[in-house]
Structures are given as C-alpha cells and as structure tokens.
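S.K.:
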Amino acid sequence: MNLGYLAYKNMVSKPLNLLLSLLLLSLSVSLVTFVLQLNKQLSGQLNKNIAPFDMVVGAKGSPLQLVLSSVLHIDAPTGNIKLKDVAMLQNHPFVEKTIPVSYGDNYKGYRLLGTELEYLEKYNAKLQEGRLFQKSFEVVVGNGAATRLNLALGDTFTSSHGLVDGGEGHDHHPYEVVGILQPTGSVVDQLLISNLESVWEAHSHDDSEHNESSNEHHDHDSHENEEEHGNHNEHDHEHENHEHSHEGHEAHEHHEHEEHDHNHEEHDHKEHEGHDHDHEEDENLEITSLLVKFKSPLGMVQLPRFINENTSVQAALPGFEIQRLMGLLGSGATTINGIALAILLVSGLSIFISLLKTIRERRQELALLRTYGFQTKQLLGLALLEGLFLALIGFVSGWVLGRLGIWILSGYMSATYGYTFQVNGPEMIELSLMVVILILAIFAALMASISIFKLNVAKTLSNE
Amino acid sequence: MVKTSSLTYAYGDGQEMVFPDIDLSPGQHLLIIGPSGIGKTTLLYLMAGLLPPLKGNVAIDGKELDSLSRREMDKFRGEQIGLIFQQYHFIKSLNVQDNLLLRQSVLKDPIDKQRRLQLTKRLGLSEYLDKKVTELSQGQQQRLSIALGLIHRPKIILADEPTSNLDDMNCVKVINLLKEEAEICKSSLVIITHDLRVMSHFQNRVEL
Chain A
1 MNLGYLAYKN
11 MVSKPLNLLL
21 SLLLLSLSVS
31 LVTFVLQLNK
41 QLSGQLNKNI
51 APFDMVVGAK
61 GSPLQLVLSS
71 VLHIDAPTGN
81 IKLKDVAMLQ
91 NHPFVEKTIP
101 VSYGDNYKGY
111 RLLGTELEYL
121 EKYNAKLQEG
131 RLFQKSFEVV
141 VGNGAATRLN
151 LALGDTFTSS
161 HGLVDGGEGH
171 DHHPYEVVGI
181 LQPTGSVVDQ
191 LLISNLESVW
201 EAHSHDDSEH
211 NESSNEHHDH
221 DSHENEEEHG
231 NHNEHDHEHE
241 NHEHSHEGHE
251 AHEHHEHEEH
261 DHNHEEHDHK
271 EHEGHDHDHE
281 EDENLEITSL
291 LVKFKSPLGM
301 VQLPRFINEN
311 TSVQAALPGF
321 EIQRLMGLLG
331 SGATTINGIA
341 LAILLVSGLS
351 IFISLLKTIR
361 ERRQELALLR
371 TYGFQTKQLL
381 GLALLEGLFL
391 ALIGFVSGWV
401 LGRLGIWILS
411 GYMSATYGYT
421 FQVNGPEMIE
431 LSLMVVILIL
441 AIFAALMASI
451 SIFKLNVAKT
461 LSNE
Chain B
1 MVKTSSLTYA
11 YGDGQEMVFP
21 DIDLSPGQHL
31 LIIGPSGIGK
41 TTLLYLMAGL
51 LPPLKGNVAI
61 DGKELDSLSR
71 REMDKFRGEQ
81 IGLIFQQYHF
91 IKSLNVQDNL
101 LLRQSVLKDP
111 IDKQRRLQLT
121 KRLGLSEYLD
131 KKVTELSQGQ
141 QQRLSIALGL
151 IHRPKIILAD
161 EPTSNLDDMN
171 CVKVINLLKE
181 EAEICKSSLV
191 IITHDLRVMS
201 HFQNRVEL
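As you go down the protein sequences, you meet chains A and B in turn. In terms of the UniProt record's numbering, the first sequence opens at residue 1 and continues consecutively. In terms of the UniProt record's numbering, the second sequence opens at residue 1 and continues consecutively.
1. Measure from the alpha carbon of residue 45 of chain B to the alpha carbon of each residue in A/367, A/334, A/22, then state which is nearest.
2. Please list, in chain order, the residues of the segment 88-121 of chain B that have any C-beta partner in chain A closer than 8 Å.
3. Helix, strand or coil, according to DSSP, for residue 142 of chain A in the structure here?
4. When you compare each of B/80, B/77, B/124 to residue 96 of chain B by their alpha carbons, which one comes out closest?
5. Exposed or buried, what is residue 125 of chain A when buried is set at 16 or more other beta-carbons lying within 10 Å of its beta-carbon?
6. When the cut-off is 8 Å and only beta carbons count, does residue 371 of chain A lie next to chain B?
7. Does any residue of chain B bring its CB to less than 8 Å from the CB of residue 10 of chain A?
8. For residue 100 of chain A, write down the residues that DSSP places opposite it in a beta bridge.
9. In terms of residue numbering, what span does the beta strand (DSSP E) encompassing residue 128 of chain A cover?
10. Does the contact criterion of 3 or more C-beta pairs under 8 Å hold for the segment 64-81 of chain B versus the segment 440-459 of chain A?
11. Mapping DSSP to helix, strand and coil, what is residue 194 of chain A?
12. Check the Cβ-Cβ distances between residue 2 of chain A and every residue of chain B, and say whether any is below 8 Å.
13. Taking C-beta pairs closer than 8 Å, name the residues in chain B that residue 13 of chain A reaches, listed in chain order.
14. Is it true that the CB of residue 293 of chain A sits closer than 8 Å to the CB of residue 54 of chain A?
15. Are residue 94 of chain B and residue 107 of chain B touching if we call contact CB-CB under 8 Å?
16. How long is the line joining the alpha carbons of residue 133 of chain A and residue 298 of chain A, rounded to whole angstroms?
17. Going by C-alpha to C-alpha distance, which of A/70, A/35, A/24 sits closest to residue 103 of chain A?
18. Please go through the UniProt domain "ABC3 transporter permease C-terminal" (339-454) of chain A and give each complete alpha helix (DSSP H) segment of 4 or more residues, from N-terminal end onward.
19. Name the residue from A/388, A/424, A/307 whose alpha carbon lies nearest to the alpha carbon of residue 87 of chain A.
20. To be precise: take each residue of the segment 66-86 of chain B, compare its Cβ to all Cβ atoms of chain A, and keep it if any distance is under 7 Å. Which residues remain?
21. Determine, for residue 45 of chain B, whether the minimum Cβ-Cβ distance to residues of chain A falls below 8 Å.
22. Given a limit of 7 Å on CB to CB distance, which residues of the segment 21-44 of chain B reach chain A?
23. Rounding to the nearest angstrom, what Cα-Cα distance links residue 51 of chain A and residue 322 of chain A in this structure?
24. Once you ignore the five residues that flank residue 130 of chain B on each side, which residues in its own chain have a CB closer than 8 Å to its CB?
25. Opposite residue 161 of chain A in the DSSP bridges: which residues?
26. Taking the alpha-carbon positions, what's the residue 17 of chain B to residue 100 of chain B distance?
27. Counting only the same chain and skipping the five closest in sequence on each side, list residues whose C-beta sits under 6 Å from that of residue 199 of chain A.
28. With distance defined between alpha-carbon atoms, name the residue in A/66, A/81, A/61, A/30 nearest to residue 286 of chain A.
29. Using a 10 Å radius around the Cβ and a threshold of 16 neighbouring Cβ atoms, would you call residue 193 of chain A buried or exposed?
30. Under a CB-based cut-off of 8 Å, is residue 50 of chain B close to chain A?
31. Just the C-alpha distance for residue 6 of chain B and residue 200 of chain B, rounded to the nearest angstrom, thanks.
32. To the nearest angstrom, report how far apart residue 126 of chain B and residue 443 of chain A are at their CA atoms.
33. With the cut-off set at 8 Å, would you say residue 43 of chain A and residue 447 of chain A are in Cβ contact?
34. When the Cα atoms are used, what is the spatial distance from residue 171 of chain B to residue 30 of chain A?
Set out below in structure tokens:
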C-alpha cells in the first residue's frame, strides 16, 4: 500500500469529476497535437514535393494555383502554354533542367501525368516492378495509386477527361501499366505517369473522333498546329532524318489532314523550312506547364520577373507560394492553437477545482491520515500524485485522440487529394507540451492543497 | 506510561479549560467520564498530541510531546498511539483490507500480515476484507474502527465513546475486546465514556 495506489483509488472513486477534467484536458491536447502534426506533415510533404523544382512556368493566372496544380497536383491547371513560349528556358544559362508536364485526364480520380522520365528521377522514384514507359500509352503507376486502384503490371485502363472521377471517357486509347513505382512519400505516389505524347494523343483522338485526327488543341487556339498537320506527309522523311527532334513530334505522324485544307495556303512557306519546321511543330505543341530547376541562384532572381513581365506565360516559385500558403494556414493554426490553449487553461482550472473539491471533501480522511502518522508533505504528495495522474492520463488520451484525428484525416485526404499523413510517434514539442501540462497540474494541485497545510486535525475529526 | 501535568487548553473564545493530572503505569486503564461539552474529547486530543496545550504537558512513555517537532509528533503518534474515534473515520475509496494496510504502511516495521489477519479474525471482520467500508453495518464499522486503532500495537489506546452506537450485547463484546487487546499488547486503555455499561468494567476513572 503506497500513496500512489491511494491517489489512484481516490481518483477513480469520483468517475464523473475525473471524466470532466480528463475530457477538457484531452480535448485541448488533442487539438494542439493535431494541429501541430498537421502543420508539420503538410509543410513537410509540400516542401518535399516542391523540392525538385525552383520554378514553374504555366498559363497566366494565380501563381498559387499554378503551383498547386502543376507541382502538387491538387488543383485545376491555369490553362495550357505552348512549348515554343518557353523554349528560351531550355538552354538558358541559369537553367539546369526543364521538364514539361501535361495533364488533364484521370483514372478513377488519380491523375494521369504526361511528362519525361526525368520527372521520376527528380523525385527519386524507383521502379518496384516492371519497367519505365517507352512509348505512348504505357504508364508507370505511383505506389499509392497502384494500391488503391488495384493496378498490376499488364493491366489496361482507359482514362476519363478531367481531373476528378466521372468525366467523359476516352474510349479508344487504353493505357497499359508497364511499371509500378516504389513508395516515395511524394506526390509521385498518387500519379499515373506516361509520356507527353500519350496525353496529346488521347486528347487529339478525343477531340476529333469524327475524323480520327488532329491534336487536341486545334479546336481551341492552335492554328499553327493544324497547318502543320496539313503538310505532314511532305515532312515524313524529315522526321526520320532528324532523330533529335522532340518525341512529341511522333504524335502527329499518323494524323490525317483532310480537315486542314484551309491551311494549305501556308504550305509552301512551311515546306521550305526543313527541320526548323520540326522545332516549330514541337514548339507549337501545348503543355500544361514547364517545371524548371535553376543552375544558378541568379535564375531565381531574374527569370521569374523576366518571364512575368515580358512573355504571355507566367512563372511561379513553388517555394515562395507554399510559404505564402503555409502562412495562410499558419494563421488558422494559430487560431486553433489559441482556442486549444484556452481550453488547456480551463482544463487546468478544472483540475484545480476538482482537486480543491476532493481535498475539501476528504478533509476528514486527510486528518485521519495525519493521526496515522502521515506527514503534511505526504498528504501534499497525495494531492500532487492525483493531479499528475490526471494530467498524464489526460495528455496521453489527448495525444492518442490527436493522432486518431490525423489518421482519419489521412484517409479523407488520400481519397480526396491523394495526400497521406503518417501517424508518428511523440514529437519533441509534444513532450514539451506534456511537461507544461504536468507543471500546470502540479501548480493546480499545490494551489488546491493550501488547506492541507492549515489542516486542524482535531477539529476536522470532531466535526461531522 | 501516560502522564499529564497541569494541562490547560483554551478554545478560540478564550475560555480556559483545566484538566486534572493523569498518571498511568503501563497496562493501567482509565475511564474519563463527565457530562457532554466538558472537554473530554479535547483531553483525548491533547493526549494524542493533536492539539497543543496552552499550559502543562503530556508525556507518553517518558517522552514529552511538546519536545517533539511536528514531524516527529506525526511519526510518534503513528507508532505509539491508537485512536478510536467516536465518529468512524475511514478512507472511503479503499476497501476494508486496504484501510488496514494503509494504517500499517506508515509504520517503520515491515507490514505484519499475520497481525492483520489475526486481528480481523478476532473482530469478526475476516469475511468483509474486500468490502467497501461504506457497505459495512454500523457494528462492523465500529469493529473496523477498533481494528484500525489497535493494528499497530500502540502503547496507548485512546478511545472516544467506543460503545455509543452499540446494543448491550455488542457493547460487552467490544469492551472485552479492548481489554484483551490491551492485555496482549501491554497497552494502556484510556476510554472516554458516559456509558454506564462501560463504567462497571473499569475501576480507575477521572471525572471532568
């Protein structure tokens, strides 16, 4: 029989008091830990996802949207841009690498991304099984997407238009799964990745099923493309001779051209341009955005401004935009933390009141303990132990509740945005929070215990 | 064993109360009798060191209580004095066994399980060890209260109206129990009472 046991027995002998104190404490702890975790994991995940790229160039619009859509894949794109508009970046001295991405389709809510193999390298994504895509309509599947979509090597599927499930289907271009990636903990896990041509072809087909032809963009704004389709046959030999030309080019080799007759007046002009024309054709292709890695920090300073001021496309810096976003979220987090802090204080007060009540109610028992030979400081220890028990149980249950929240949110987020959160062990800051709460509990217990020092044993025992 | 000299106590209202001197040899018993409100319980608390006297002092087993620090007093009381209260006081969140264990745990000696079992058997509490104290009958509570006052083999047993709530049969039983236990432990019994049934059992008495 020790005081710890007695403190425990005392505590559980008033379950309703206990429940109220615990509930308050638990609630505040779960709020704080939940928000801390969310903030940390979200920013960790976002930063990991944006890390491979310094700049993203896309259609004019909200820079945040551009970053969200093209780098993080959680928003709709701002529009398309022409390859030729960003061609200057490819050989720019400040630029280390550019990777075009094109998307607009999904399979059961998971995005199909047309890009180059280097995209995978940037995210350090390695094959778990199978191989990388080599030609159009071959896809490698991110680990998370493969698991949830239950995709295996050799499976085929057709994509739907749009970025959310339920769009119009592309019936004639089934994709084949040729590779499945290892988990990377980045956005790649949730993507279905093919080459750019797949996306172009899928849309060209989709947009002109009636004539089995054309690039997806000719309906919109890309008349140059249509012109080129018109003189395609004349250029076939050139395509073969110019292996260096962009792969995107192949997308157009089999297009039929009857509907482009109206472009013929420009044929002569084109024919004479030889392989220059190939580039032009490539450059007239559209991508959703271009992801850029700088070679020199000067790029960060000069290029975005230059692009935004002098071209029809916009450049956004993911790091900056995400910082801005986290700043916005941060003020939300601060608010929630403030509320949690208020609840924490109330819970401290509740522990104090509950202990005060307990000590008042048990005055006679405390006096009895004194006649047994327990010293004042031991009685104080009893109150402290009770307070500490409360604080500890409250903290642990609150912590578990917070993690449960993360776990539940993770399920929701992965279904909606393809983002998952880990249920991590205790963090340093959470342990600090525990220490703060324990100190608060000790303080509350001491405040409530003042009457123990003044306990008049004889009088207390005599009174009913 | 117990010696008081010119004990005086003053209540908050300034009214002073002077107690007759008491001198008990080991194993000698004493009844304190007198009308209600005369200060019998106060005398008991003075003897237990739970109240500081205004004047005079109490010596138990040769030790003057006012020479002890508060901490030493707590310890001394816990080891040497057995208190049986008029109103029963237990730790309500603990069962019968744990109440006794808690009382034993304060002692410097290792917890004497044998003593606990014997005492509870003699007091007829063996079957109730796992019961909550609030579930005990009046008589059982009285006996538990006595067990708590005796379990540590105190040198002096201070009992305040131990029979007030008991019928004749139980009253005799409790008196015999107290006497037997005092005999076994060579303790002095000091009993406050105005119960005529008790008075006939003890010769030595002081009237307030």
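Just so you know, even glycine gets a beta-carbon here, dropped at the ideal spot from N, CA and C. Note that the structure is predicted; figures quoted are calculated from it, not measured.
M.R.: So, from the listed chains and residues:
1. Distance check between residue 45 of chain B and each of A/367, A/334, A/22 places A/367 closest, using alpha-carbon atoms only.
2. Of all residues in the segment 88-121 of chain B, 89, 90, 91, 92, 93, 94, 98, 101, 102, 103, 104, 105, 106, 107, 111 have a Cβ within less than 8 Å of some Cβ in chain A.
3. DSSP places residue 142 of chain A in coil when its eight states are reduced to three.
4. Of B/80, B/77, B/124, the residue nearest in Cα terms is B/124.
5. Answer is buried; the Cβ neighbour count reaches 16.
6. Chain B contact via Cβ: present.
7. Yes, residue 10 of chain A lies at the interface with chain B (some Cβ there is under 8 Å from its Cβ).
8. Answer is A/290.
9. Taken as a continuous stretch (DSSP letters only), the beta strand (DSSP E) holding residue 128 of chain A covers 127-130.
10. Contact fails: fewer than three Cβ-Cβ distances are below 8 Å.
11. Three-state DSSP puts residue 194 of chain A in a strand.
12. Interface residue, yes.
13. Under the 8 Å cutoff, chain B gives 92, 93.
14. Yes. Within cutoff.
15. No, they are not a contact pair.
16. The straight-line gap from Cα to Cα measures roughly 35 Å.
17. When each option's Cα is compared against that of residue 103 of chain A, the closest is A/70.
18. List check, alpha helix (DSSP H) in window: 363-372, 376-416, 428-448, 450-453.
19. Per the Cα distances, A/307.
20. Residues 71, 74, 75, 77, 78, 79, 83, 85.
21. Yes, contact with chain A.
22. Cβ contacts with chain A come from 41.
23. Their Cα atoms are separated by approximately 11 Å.
24. Answer for residue 130 of chain B: 95, 96, 97, listed in chain order.
25. Its beta-bridge partners are A/105.
26. Rounded to the nearest whole angstrom, the CA to CA distance from residue 17 of chain B to residue 100 of chain B is 35 Å.
27. Residues 102, 114 of the same chain have their beta carbon placed closer than 6 Å to that of residue 199 of chain A, with the five preceding and five following residues left out of the count.
28. A/81 is the residue among A/66, A/81, A/61, A/30 whose C-alpha sits nearest the C-alpha of residue 286 of chain A.
29. Buried is the call here.
30. By this cut-off, residue 50 of chain B is an interface position.
31. If you take the alpha carbons of residue 6 of chain B and residue 200 of chain B, they lie about 28 Å apart.
32. Cα to Cα, residue 126 of chain B sits roughly 42 Å from residue 443 of chain A.
33. Going by C-beta atoms, residue 43 of chain A is not nearer than 8 Å to residue 447 of chain A.
34. Spanning the two alpha carbons is a distance of roughly 59 Å.
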